[in-house]
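Structure first, commentary second.
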Amino acid sequence: MEKLKIAVIGCGTIANAQHLPSYTANPKAELVSVCDIIPERADAAKEKYGAKKAVYDYHDVLNDPEVQAVSICVHNYMHAPMAIDFLKAGKDVLCEKPAAVTYDLVCDMKAAADANDRILNIGVVNRFNSNVNRVRDIIQSGELGELYQIYCSFRAHRSIPGLGGQSTRKETAGGGVLIDWGVHYLDLIFYCIGEVRLKTVTGATHSVLGKDMPGYTYESMWAGPPDYAGVYNVEEYVTGMVRTTGPVITLNGAWAQNIGEDATFIEFMGSKGGVKLTYGGDFILYSTDRGCLTATQYKGQCVNMFAHEIDCFIDAVNEHKKIRSNVDQVLITAQVMQGLYDSAETGHEISY
Ligand SMILES: NC(=O)c1ccc[n+]([C@@H]2O[C@H](COP(=O)([O-])OP(=O)(O)OC[C@H]3O[C@@H](n4cnc5c(N)ncnc54)[C@H](O)[C@@H]3O)[C@@H](O)[C@H]2O)c1
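Following this line, the structure appears as structure tokens:
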């Protein structure tokens, strides 16, 4: 079989940590082109991963007939325009999360994929996590009974990324902790519970601890050093409630909050049992047996979810089929995030 000819757009953190090594390791793929507006980054990726070409303008990839599929690993606000350009140029696309900075743009991306009969997958990598799939199987088998409530917490003590940089600017990131971390939690929840429709969304956001930028004391500044001359106009804290035709979802998320220890988990509560899944880790199944309360700890072996996600993208393109990370599957998460932001801004609940 011919190898799938790949280009990676944006040679920064996630590209070097996951996309470039995963394509290089997959015998069904050939890394043809790497692209970054910072020439040294593209050149370094070409050298390290043995790509044929390094280019500094993504239009050169658009116009390259050799490239069949691309990974988009640039910042959030460029996802939609780039993905749409590549889809129109006949390339299949794996775009990093969040799909786009607004719900409407995600719908535009889906429309471009459909109109051009191309595959558009989004980097919803938790769908490729073994423990998430175990929890999904438990829920889908009915073992928890009627699922009526889900709570998720994606909260850190002091962990605003690159204060003042592209992650804390609404114009480039689209939002703060919700669009950056919450997107993973919401997607994981909708994946596990299966198809539901939205009824209402209500949310509130705050930006407090990082407001006095030079005065912000932190544990982690994981997306680069602070830029005190930069902009901080996104939320560092979000809370919300989502009513669906299935369970109610409540959430608390914070890049920074005075809580001491980080709290990153999801609780699925059903009439017969419940699951507490530690984000990125193991899970406990709470139930009853012979009149006793049980708590079973599952410590699962896990595949490398990023490599698995990329392997599945390659197969999806080769077989031209929609899989679990297709853009169709992430519309509901984009809609909930939009609803939470709109509700926070207007002070009103959003109904569907
Ligand atoms: N799935 C995950 O868990 C995960 C983890 C980290 C990041 N991400 C996502 O990946 C994306 C990139 O994040 P990152 O941390 O790698 O950012 P980064 O800043 O480290 O890398 C982005 C790269 O894109 C390049 N770039 C910018 N504009 C470009 C353009 N027009 N053409 C070509 N290259 C361009 C930059 O020079 C930079 O090298 C973000 O959307 C982020 O949300 C996802």
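In this note's numbering, the protein residues as written are 959 to 1310. Each residue gets a CB set at the ideal place from its N, CA and C atoms; glycine is no exception. None of the values given here were measured: they were computed from a predicted structure.
C-beta atoms of residue i and residue j nearer than 8 Å
| i | j | result |
| --- | --- | --- |
| VAL990 | LYS1004 | no |
| ILE964 | CYS1031 | no |
| VAL1082 | SER1301 | no |
| VAL1200 | LEU962 | no |
| ILE1118 | TRP1213 | yes |
| VAL1064 | VAL1261 | no |
| ARG1076 | GLY1048 | yes |
| TYR1244 | ILE1224 | no |
| GLN1255 | ILE1242 | yes |
| ASN1089 | ASP1240 | yes |
| ALA1027 | ALA1012 | no |
| HIS1115 | ASP1220 | yes |
| VAL1159 | GLY1297 | yes |
| ILE1281 | HIS977 | no |
Closest by C-alpha distance to residue i, when choosing among the options
| i | options | result |
| --- | --- | --- |
| VAL1059 | ASN1262, VAL1288, ALA1181, VAL1051 | VAL1288 |
| ALA975 | VAL1192, GLY1232, GLU1054 | GLU1054 |
| ALA1181 | PHE1241, ASP1170, VAL1135, GLY1120 | GLY1120 |
| GLU1104 | VAL1233, ASP1015, ALA1070 | VAL1233 |
| VAL1192 | PHE1226, GLU1153, SER1029, ILE1137 | ILE1137 |
| ASN1074 | GLU1177, ASP1269, LEU1144, ILE1042 | ILE1042 |
| ASP1018 | VAL992, VAL1189, ILE1290, CYS1250 | VAL992 |
| GLY1204 | PHE1086, ILE1108, LEU1020 | ILE1108 |
| ASN1021 | MET959, THR1304, LYS1230, PHE1044 | PHE1044 |
| GLU998 | GLY1008, GLU988, TYR1014 | TYR1014 |
| LEU1078 | ARG1085, VAL1051, ASN1084, ASN1087 | VAL1051 |
| ARG1085 | HIS1266, HIS1278, ILE1097 | HIS1266 |
| GLY1231 | GLU1277, GLY1218, LYS1128, GLN1098 | GLN1098 |
| THR1202 | HIS1306, THR1291, ILE1096, GLY970 | THR1291 |
| ARG1113 | LYS1279, MET959, LEU1209 | LEU1209 |
| ASN1091 | ASP1269, HIS1164, PHE1148 | PHE1148 |
| HIS1164 | SER1125, GLN1215, PRO1183 | GLN1215 |
| PRO1183 | SER1111, ILE1080, THR1126, ILE995 | THR1126 |
The beta strand (DSSP E) enclosing residue i, as first and last residue numbers
| i | result |
| --- | --- |
| HIS1164 | 1156 to 1164 |
| GLY1232 | 1232 to 1236 |
| GLU988 | 987 to 993 |
| LEU1251 | 1250 to 1256 |
| ILE1030 | 1027 to 1030 |
| LEU1243 | 1241 to 1247 |
| ALA1012 | 1011 to 1013 |
Any C-beta of chain B under 8 Å from that of residue i
| i | result |
| --- | --- |
| GLU1193 | Reference to chain B is not applicable here, since this structure consists of a single protein chain. |
Contact belief for residue i with residue j at Cβ below 8 Å, rounded distance in angstroms
| i | j | result |
| --- | --- | --- |
| LEU1146 | GLY1228 | About 17 Å separates the two Cβ atoms, so there is no contact after all. |
| ILE1293 | LEU1167 | One point to set straight first is that residue 1293 is Gln, not Ile, in the sequence displayed. Not confirmed; about 29 Å, so no contact. |
| PHE1264 | SER980 | 6 Å |
| TYR1299 | GLY1133 | 6 Å |
| VAL1189 | GLY1211 | At roughly 21 Å, the Cβ-Cβ gap does not stay under 8 Å, so VAL1189 and GLY1211 are not in contact. |
| TYR1106 | VAL1025 | So it is not a contact: roughly 48 Å between Cβ atoms. |
| ASN984 | ILE1272 | 6 Å |
| GLU1194 | VAL1135 | 6 Å |
| TYR1035 | THR1130 | 5 Å |
| MET1171 | GLY1122 | 6 Å |
| HIS1037 | ALA1057 | 6 Å |
| GLY1198 | GLY1161 | 4 Å |
Limits of the alpha helix (DSSP H) - the one that residue i falls within
| i | result |
| --- | --- |
| TYR1195 | Counting along the chain, TYR1195 falls outside any alpha helix (DSSP H), though it belongs to the beta strand (DSSP E) covering 1195 to 1202. |
| LYS1006 | 997 to 1007 |
| ILE1217 | ILE1217 -> no alpha helix (DSSP H), and no H or E assigned at all. |
| PHE1223 | No alpha helix (DSSP H) contains PHE1223, which is instead part of the beta strand (DSSP E) from 1221 to 1228. |
| LEU978 | 978 to 983 |
| ILE1294 | Looking at the sequence provided, one finds Val at residue 1294 rather than Ile. Note, VAL1294: alpha helix (DSSP H), 1289 to 1304. |
| ILE964 | First-last for ILE964: 962 to 967, but that is the beta strand (DSSP E), not the alpha helix (DSSP H). |
| CYS1270 | 1263 to 1277 |
| ASP1095 | 1088 to 1098 |
| ASP1018 | 1016 to 1020 |
In chain order, which continuous runs of the alpha helix (DSSP H) of length 4 or greater are located wholly inside the segment 1106 to 1151?
1128 to 1131, 1141 to 1151
Runs of 4 residues minimum, wholly inside the segment 1041 to 1083: which ones carry the alpha helix (DSSP H) assignment?
1061 to 1073
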